[in-house]
Amino acid sequence: MVKRVLILGGDGFLGWPTALHQSSKGNEVLIIDNYFRRNASAEYKVHTLYEIPSLNDRVKFWKKLKNRQILIEIGDICDYEFLLNSVRNFKPDVIIHYAEQPSAPYSMIGHKEATFTLKNNLIGTLNLIFAVKETNINTHIIKLGTMGEYGTPNIDIEEGYLKIQHNGRNEEFLFPRQAGSLYHTTKIQDTDLLYFYVRVWGLKVTDLMQGPVYGLFTDEMEDCDELLTAFNYDEIFGTVLNRFMVQAVAGVPLTVYGKGGQTRGYLNILDTLNCIDLAIQNPANSSELRILNQFTQTFSVNALADLVIEAANSIGLNTKKETIVNPRKEMENHYYNPSAKGFKKLGLKPNFLTQEVICKILQKIIRFKNKINVEIIQPKTKWT
Ligand SMILES: NC(=O)c1ccc[n+]([C@@H]2O[C@H](COP(=O)([O-])OP(=O)(O)OC[C@H]3O[C@@H](n4cnc5c(N)ncnc54)[C@H](O)[C@@H]3O)[C@@H](O)[C@H]2O)c1
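For what it's worth, my numbering labels the leading residue of the sequence shown as 2, then goes sequentially.
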C-alpha cells in the first residue's frame, strides 16, 4: 500500500537518500528542510567534498530520471505554525525526523552553538509531537536518536530499557544515559520528551539509537553525481571513518584521537535505509516508545584506522596512522557490549564494512582529490 512519508531534514546526509529510496518504492514523499546544514557548512568553512545541487535541482533531476515527484518545502520545524500546516496539508502516515543539529563538536564550540543546538533539537521535537497530536495521533513518528545516548557504561547496553530489582521490587526504566557532548544530551532530552508524551497522549513512536553511518552508495544514488548525498570529512560534521579515508587519499597520516580504544557501533547507509523500511513496515503501537539500537558492527578507532590503512595500501596509497591529543573528554579504553537484537528480529540483513566497501569509497574520494582541504580535518574544537 502506498504510504505518505514526511521526511524532516530531507536535504541532509541521511534524509536525501531516504527520500529517494521511499520515492522509488512508490511512496508519496514530502521533504521539509531549512538548509541549516548547508548554511552552517558555509559559515564554518567546512564544505562537503563536492558540490551538492540545491534541493530544487535534486528533485527536478529525480523527476527527469524516474518520473517520480518528491515534494519539498523549505522551512524551519521550530516554526510551529509552518510545521503544523505542512503536516495538516500532507496528512502523512509516517514522519521520519532527521531535522536536528547532528554534530557533537558543533555543540561544543561555544555558547552560540550550544544554545542553537538545544533550541533547535528540543523545540523541533516538541513541535513535531504537538503537530501529530493536533492532526492525527496515529501518525507513526520515526525519530533519529543516537547510540551516544547510552555513553560507554561498564555494563552491557540493552535496547532502550533496563529491568531493575531494588529492595526486593522490580521495575523497568529507560536505560541509564550518559551523554558525551551537549548534542548527545539533546538526543537524551528528545527521548525523554517522546517518552512523556507517548504516556500521556498515546503517540506511536520508534526512537532509533543509531551509530555513526558510513557509505555513499545506495541503489538510487549509485553512479549518479547529481543525486549523491553530502560527504563531510571535517572536524565538525565529518565522521572518523570519512576523515581517515580522506587523509589516506591526501597522503597525510590518519589522526587517531588519544589511545584510539574508543569503540562505537557503526552501520552502512544501506542499512539505515533498510532499518527505516523495517520500522515503517512494523510500526510502533499506540502508547509505545519503541527503542531499537541501529548499528551492525562495533569498531575501535584504532581498528577503523587499521582497516583504512589496509584498503588504502591495497590500491597503492601509502598510509600510516599517528596519535594526536584527544580534543574530547571521553574514555579511550573501555568495555562496550551493546545489544542489536531488535532489527535482527525484524529481518535486517546487514551490509558489513569490508575492504571492498572501503576501496569503493576511496576511489570516489580520489576523483575529488584536488578539492580536499586537509586543514579542516585538524580538531580545533576542544571539550575542556
Ligand atoms: N549521520 C550519522 O552518522 C548519524 C548517526 C546517528 C544519528 N544521526 C542522526 O540522524 C539525523 C540525520 O543526520 P544527518 O547525518 O543526515 O544530518 P544532516 O545535518 O546531514 O541532516 C539534517 C538535516 O536537517 C536539516 N535541519 C536541521 N534543523 C532543522 C530545522 N529546525 N528545520 C528544518 N530542517 C532542519 C538540516 O538542514 C539538514 O539538511 C540527525 O538527527 C542525527 O543526529 C546521524
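The beta-carbon is built from N, C-alpha and C at its ideal position, and this holds for glycine as well.
This structure is a prediction, so every number in the text was calculated from the model and none was measured.
With DSSP collapsed to three states, give me the class of Asp-58. Here Asp-58 carries a helix assignment [DSSP, helix/strand/coil].
On the three-state DSSP scale, how would you describe Phe-300? In the structure shown, Phe-300 sits in a strand (DSSP, three-state: E or B).
Around the C-beta of Glu-135, are 16 or more other C-beta atoms found within 10 angstroms, so that it is buried, or is it exposed? Its Cβ having fewer than 16 others within 10 Å, Glu-135 is exposed.
Given Glu-311 as reference, the closest of Gly-181, Ile-97, Leu-363 once Cα atoms are compared: Comparing Cα-Cα distances from Glu-311 to each of Gly-181, Ile-97, Leu-363, the minimum goes to Leu-363.
Would a C-beta distance cut-off of 9 angstroms place Val-201 and Val-133 closer than the cut-off? Cβ distance not < 9 angstroms, so Val-201 and Val-133 don't count as in contact.
For the stretch 70-79 and the stretch 25-33, state whether three or more C-beta atom pairs, one from each stretch, are separated by less than 8 angstroms. Yes, since at least three Cβ pairs between the stretch 70-79 and the stretch 25-33 fall closer than 8 angstroms, the two stretches touch.
Using a Cβ-based criterion (distance less than 8 angstroms to any ligand heavy atom), does His-98 qualify as near ligand 1? Yes, Cβ of His-98 sits closer than 8 angstroms to a heavy atom of ligand 1.
Paired residues, beta bridge with His-141 - DSSP: Val-95, Lys-205.
Could you tell me the distance, in whole angstroms, from the CA atom of Ile-96 to the CA atom of Tyr-198? So the alpha carbons of these two residues sit roughly 16 angstroms apart.
Name the two residues that bound the continuous beta strand (DSSP E) containing His-167. Boundaries of the beta strand (DSSP E) around His-167: 162-167.
Let me make sure I understand the geometry here. Which of Lys-188, Tyr-81, Leu-228 has the alpha-carbon closest to that of Arg-59? Taking the Cα of Arg-59 as reference, the smallest distance to any Cα among Lys-188, Tyr-81, Leu-228 is reached at Leu-228.
Do Tyr-99 and Thr-207 come within 9 angstroms of each other at the CB atom, strictly closer than that value? Remark: C-beta atoms of Thr-207 and Tyr-99 do not approach each other more closely than 9 angstroms.
Bridge partners - Phe-174, DSSP secondary structure assignment: Under DSSP, Phe-174 shares a beta bridge with Leu-163.
With distances taken Cα to Cα, identify the nearest neighbour of Ile-8 among Glu-44, Thr-49, Leu-66, Leu-84. Restricting attention to Glu-44, Thr-49, Leu-66, Leu-84, the CA atom closest to the CA of Ile-8 is found in Leu-84.
Rounded to the nearest angstrom, what separates Gly-262 and Asn-139 at their Cα positions? In this structure, the straight-line span from the alpha carbon of Gly-262 to that of Asn-139 is close to 43 angstroms.
Please name the residue in Arg-5, Asn-303, Asp-191 whose C-alpha comes closest to that of Leu-127. Considering only alpha carbons, the answer is Asp-191.
Just checking Cys-79 against ligand 1 - is the residue's beta carbon closer than 8 angstroms to any of the ligand's heavy atoms? Answer for Cys-79: yes, Cβ within range of ligand 1.
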